[in-house]
Amino acid sequence: MREFLLTICPVAIWCIVALETLIAIFLFRSAKQSKLTIGFCSGILTLGLILDAAIIGIGAILPMNVLSSVSPVRFIAHGLLIPLIFPICAYALKLKKPVLIAVWIFTGLLMIGGVAQALATALEPREMAGVIRFAAGSATPGWATAISSILSFGTVIPMMICGIIVWIRQKNPHLFLSAFLMFVFSALGPATGNSDLIFFISMFGELLMVLFLYFCGRRLSAQSKD
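To get my numbering, take the position in the sequence shown, counting from 1, and add 314.
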């Protein structure tokens, strides 16, 4: 499995970028038609994932000095856009306006923390399968590492819980599947002894996550018309 992943890595990254771009187009088109905020939030989140994957993909092309200047952008985008998972969950749950406002305030604060941790992260070059990327190094402050962990696991697990509630109440399993598949692919690297490939393996989870967010939005749009 490891050799296969190493072989397909550079090409697969760009395939994922292309597929996520296609999903982003569908998300924004569907959101424009349905006027549902969840679709716009999902589309913006997808743009962040596209940017992240594309910057990693060009690591096989760009000179090191250029890559070191570009790489912080993907950490900033990650810190700024991943918190959108919370309003996505809130809109899927069809929460009342006062609760939605509270969720957006919390999301805004988390975005500020996400950008702060991105700026504080000490980046170090890593090479894998011909792809050079910059990742958080040992000089990164503990608080920045903690916020990064919250953005990674502190968003997916609440999303899974919200997904179960949406599934039970609305017969819509897609939010749960979106979070569950992201969780599975994030855990797959360490579980198979390929922790150094988690940056690549988790991309498949991200692709499935936004795909099922699209399905979730479509189901919510159809239910709103009933």
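Idealized CB from N, CA, C, for every residue including glycine.
Open item on the list: Does W334 pass the burial test, meaning 16 or more other C-beta atoms within 10 Å, or should it be called exposed?
Closed with: Sequence index remark: in the sequence shown, residue 334 carries index 20 (1-based). In the sequence on display, residue 334 carries Glu and not Trp. The residue in question, E334, is buried, as its Cβ has 16 or more Cβ neighbours within 10 Å.
Task: Residue from L414, V331, F389, H392 with nearest C-alpha to P401 - done: Stepping through the sequence shown from its first residue, residue 401 is reached at position 87. Of the listed residues, the one whose Cα sits closest to P401 is L414.
Task: Secondary structure of P472, DSSP reduced to three states - done: To locate residue 472, count along the sequence shown from 1; it is residue 158. If DSSP states are grouped into helix, strand and coil, P472 belongs with the helices.
Open item on the list: Helix, strand or coil, according to DSSP, for M442 in the structure here?
Closed with: For the purposes of this step, residue 442 is taken as residue 128 along the sequence shown, with counting starting at 1. In this structure, M442 counts as strand in the three-state DSSP scheme.
Open item on the list: In the DSSP output, which residue or residues are listed as bridge partners for L491?
Closed with: Within the sequence shown, the letter at position 177 stands for residue 491. DSSP, once it has assigned bridges, lists no residue as partnering L491.
Task: beta strand (DSSP E) runs wholly inside the region 369–455, at least 3 long, in chain order - done: 437–442, 445–450
Open item on the list: Which residue wins for smallest C-alpha separation from L328, given the options F514, S535, R532, L534?
Closed with: To locate residue 328, count along the sequence shown from 1; it is residue 14. Looking at the sequence itself, residue 328 is Trp, so the reference to Leu does not match. Comparing Cα-Cα distances from W328 to each of F514, S535, R532, L534, the minimum goes to F514.
TODO: Measure the C-alpha to C-alpha separation of A367 and S385 and round it to an integer number of angstroms.
DONE: On the sequence shown, residue 367 is found 53 positions in, with the first residue counted as 1. On the sequence shown, residue 385 is found 71 positions in, with the first residue counted as 1. Answer to the nearest angstrom: the Cα atoms are 11 angstroms apart.
- [ ] Express the C-alpha separation of R447 and C355 in angstroms, rounding to a whole number.
- [x] As a first step, residue 355 is located in the sequence shown; it is residue number 41 there, counting from the start. As a first step, residue 447 is located in the sequence shown; it is residue number 133 there, counting from the start. Taking the straight line from one Cα to the other gives about 27 angstroms.
Open item on the list: So for L365, helix, strand or coil by DSSP?
Closed with: Walking along the sequence shown from the start, residue 365 turns up at place 51. L365 falls in the helix class under three-state DSSP.
Task: Straight-line Cα distance separating L511 from P324 - done: On the sequence shown, position 10 is the one that residue 324 refers to. On the sequence shown, position 197 is the one that residue 511 refers to. Cα-Cα distance, rounded: 12 angstroms.
Task: Same chain, Cβ closer than 7 angstroms to A443, neighbours up to 5 away in sequence not counted - done: Along the sequence shown, one-based indexing puts residue 443 at 129. These residues qualify, in order along the chain: L320, C323, P324.
Task: Whether V524 touches L341 by CB criterion (9 angstroms) - done: Translated into positions along the sequence shown, residue 524 becomes position 210. Translated into positions along the sequence shown, residue 341 becomes position 27. Yes, they are a contact pair.
Task: Run of the alpha helix (DSSP H) containing S348, from where it starts to where it stops - done: One-based indexing of the sequence shown puts residue 348 at position 34. It spans 316–348 - the alpha helix (DSSP H) in which S348 sits, taken as one unbroken run.
TODO: Identify, in the order they occur along the chain, each residue of the same chain with its Cβ nearer than 7 angstroms to the Cβ of L361, setting aside the five sequence neighbours on each side.
DONE: On the sequence shown, position 47 is the one that residue 361 refers to. Around L361: A338.
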